[in-house]
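The sequence shown begins at 1 in the working numbering and counts up by one. First up is the structure itself, then whatever we jot down about it.
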Amino acid sequence: MNARILALGLLLAGALGSGPARADACDALTARMIRATGASLAGRAGPLAVFRAADAERMSLDCRKPARMVFASLDREPDPAFFTLIGLAARGLTGTGVRDATVLALRLHQDSLLASAPAEGVAGRAALRCETGPRGDALAGDLTVCVLVPRPASVLRRRAGLTPAPRRAAPAG
């Protein structure tokens, strides 16, 4: 099943195409994620890269803006190493601390288990969404799926008409 999903993803990515500059940027991001996580590259086509990682059945990177990573496990309650992998990827993709992102992934997973619904949260510049349970999409066999994206800068919040992110108070002195 996972081989079919990989083949379909690579085929679709190849059909989308990308220019040389975009390919170079995706090559650099792919290499950065390999260094950050220790995963190996299983395949790459266009803006999609799929990795082999001992701690996840699926680990993929979509380089299109905003870049995003998908992690999937066949287990409803994966080993803690699955969440550590997400933390390592968050550091590589967004610069967020490994511990902060790992704790967030664990908390969102537990929240999803309890609510039987997806859970979302933010740690540093990493935004994460985790969900558990049966799925009806291309990841149907995976019981835990987490999606990692960089959190947009606050200037985008102003342009969208949203309130600015809270600021830290300057020290008195």
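Heads up, the beta-carbon is just placed ideally off N, CA and C, and yes, glycines get one too. Bear in mind the structure is a predicted one, so any value in this text is a computation, not a measurement.
Reference R35, options I86, A117, G92 and V70, closest by Cα: The shortest CA-to-CA distance from R35 to any of I86, A117, G92 and V70 is the one to G92.
Three-state class that DSSP yields for C63 in the structure shown: coil
Option nearest D75 by Cα separation, candidates T84, E57, A67 and L88: E57
Nearest-angstrom Cβ-Cβ length linking A90 and A126, presumed shorter than 8 Å: Between A126 and A90 the Cβ distance is about 4 Å, and since that is below 8 Å, they are a contact.
Where G87 falls: helix, strand or coil (DSSP): In the three-state reduction of the DSSP assignment, G87 falls in the helix class, which pools H, G and I.
Candidates L88, S116 and L113: closest to L148 by CA position: L88
Whole-angstrom C-beta distance between S40 and A49, which should lie under 8 Å: Rounded, the Cβ-Cβ distance is 11 Å, inconsistent with contact.
Check: A117 C-beta below 7 Å from any heavy atom of the ligand NAP: The ligand NAP is not part of the structure shown, which contains no ligands of any sort.
Burial state of L104 (16 or more Cβ within 10 Å): buried
Proximity to A70 [Cα-Cα], best of E77, P80, T96 and F51: A small fix is needed here, since residue 70 is Val in this sequence, not Ala. Among E77, P80, T96 and F51, the Cα nearest to that of V70 belongs to F51.
Strand pairing of L104, partner residues [DSSP]: Note: L104 sits in no beta bridge, so no partner.
When L128, A53, G43 and V122 are compared against A81, the one with the closest alpha-carbon: A53
Residues near T37 by beta carbon distance below 7 Å, same chain, minus five either side: Same-chain partners within the cutoff: A53, L85, L88, A89 and G92.
Span of the beta strand (DSSP E) around G133: Unbroken run through G133: none, as it is neither H nor E.
According to DSSP, residues forming a beta bridge with G43: V50
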